[in-house]
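One structure below.
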Amino acid sequence: MVHLTPSLLRHYHGGHVVIRLALGGCTNRPFYRIVAAYNKRARDSKYIEQLGSYDPLPNIYNEKLVSFSFERIKYWIGCGAHPTKPVAKLLGLSGFFPLHPMTVTEAERRRKRAAHREEQTQAGEEQDEAKLQEV
C-alpha cells in the first residue's frame, strides 16, 4: 500500500492533468479558456494554468479566434497531460497535431452539401425563368 506523506497529500488533488476548454462569457455569448486542469475538477473551477483562448462566435470578418501558448502546451503534454477531443481538434487545425480523420470527413460532407444546395437553387431559378417566359 502506498502511503503519502502530509506534504505530498496536500498537493495531490486526485486524477490526472488534462488540457480542456473552460467555459466563460455570458448567456448566448460563449468564450472558452484553454486550460491545464485536473480531470476530477469541475469544468469551470480552479485550473492549474491557462494555455490559450477560443472564441467560437464569428467576428465581423467571419473569423473564429483561437490563441495558444504552444510552448506551455508542449510542456504539459511532456508531463503526461491528455488533450480532450475538442482541444485536440483545435490543435490539429492549427497544425500542432495531425488532423483528426473526422475533421476531414466533416469538411467533405459540408462541401458536398453546399454544392448540392447550390445546384438546387440554380435549378429552381431556371424553372422560375422558364415559367416567366411561358407567360
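Using our numbering, read the sequence shown as starting at 68 and increasing by one per residue. Using N, Cα and C, we set each Cβ at its ideal position, and we do this for glycine too.
Neighbourhood of residue i by C-beta, 8 Å cutoff - its chain only, sequence neighbours within 5 removed
i	result
W143	V84, I86, A103, E116, L118
A155	F164, H167
P125	K131
T170	K156, G159, L160
Residue i, buried or exposed, once every other Cβ within 10 Å from all chains shown has been counted against 16
i	result
I101	buried
I127	exposed
Y99	buried
P150	buried
A148	buried
Whole-number beta carbon distance between residue j and residue i, since they are thought to touch under 8 Å
i	j	result
L90	R108	Their Cβ separation, rounded to whole angstroms, is 13 Å, which puts L90 and R108 out of contact at 8 Å.
P123	K113	No, P123 and K113 are not in contact; Cβ-Cβ is about 23 Å, not under 8 Å.
Beta-carbon proximity list for residue i, same chain, < 7 Å, skipping 5 on both sides
i	result
F137	F163
R139	E116, L118
Nearest residue (CA-CA) to residue i, options the options
i	options	result
R96	Y121, I140, E186, R176	Y121
P153	C146, G147, V133	V133
N106	E192, F135, L88, D195	L88
query: What are the uninterrupted segments assigned as beta strand (DSSP E) that are 3 or more residues long and contained completely in the segment 91-129, given in chain order?
result: List check, beta strand (DSSP E) in window: 96-105, 116-122.
- request: Within the segment 129-162, note down every full beta strand (DSSP E) run reaching 3 residues or more, in order along the chain.
  value: Along the segment 129-162, the beta strand (DSSP E) occurs as fully enclosed runs of 3 or more residues at 132-135, listed in sequence order.
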